[in-house]
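In my numbering, the protein residues as written are 189 to 343.
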């Protein structure tokens, strides 16, 4: 996880997130939340969520203000740019961090489609029903991905 190449660090996080032994590495993974590469920071947040590392919620939440984007077509279900803050929102939702609902809800109006999709998914996962109307408004969004997430959330 300390490799000089960000691609290797990102891949290591993906592999570790799927291993039971990874709990031993939670501290090292958390250090990567401040990595220079956006995709590594996002992958670290997701790996910690996969591990159920609730003690790292505050550190992950710091990424909610990270505006950097990255593209990784190798592992992409939705091609295009992705946001670190979107990954942080998804990770916090997976950890059940309801205390960040208001922060995540701001992404419903974010300029980037990935942040809006992430907000819809996270708010749905956190059962934040007070945002149902805001999610419904996204049925007319310019991004097909956002509209699909909104339909699934409301369905």
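Built from N, CA and C at the ideal position, the CB exists for glycine as well.
C-alpha distance - residue i paired with residue j, whole-angstrom precision
i, j, result
"residue 299", "residue 202", "28 angstroms"
"residue 329", "residue 305", "11 angstroms"
"residue 242", "residue 215", "12 angstroms"
"residue 190", "residue 343", "43 angstroms"
"residue 290", "residue 321", "15 angstroms"
Contact under 8 angstroms by Cβ, residue i with residue j
i, j, result
"residue 296", "residue 307", "yes"
"residue 254", "residue 273", "yes"
"residue 277", "residue 310", "yes"
"residue 294", "residue 237", "no"
"residue 280", "residue 232", "no"
Collapsed DSSP secondary structure at residue i in the structure displayed
i, result
"residue 255", "coil"
"residue 216", "helix"
"residue 313", "helix"
"residue 299", "coil"
"residue 240", "coil"
Residue i beta carbon near the ligand GTP (any heavy atom closer than 7 angstroms)
i, result
"residue 216", "This structure simply doesn't include the ligand GTP, nor any ligand for that matter."
Extent of the continuous alpha helix (DSSP H) to which residue i belongs
i, result
"residue 332", "332-342"
"residue 190", "Careful: residue 190 lies outside any alpha helix (DSSP H) and carries neither H nor E."
Start and end residues, beta strand (DSSP E) containing residue i
i, result
"residue 269", "269-271"
**Touch test, the region 227-242 against the region 190-201, Cβ-Cβ under 8 angstroms, three pairs minimum** = yes
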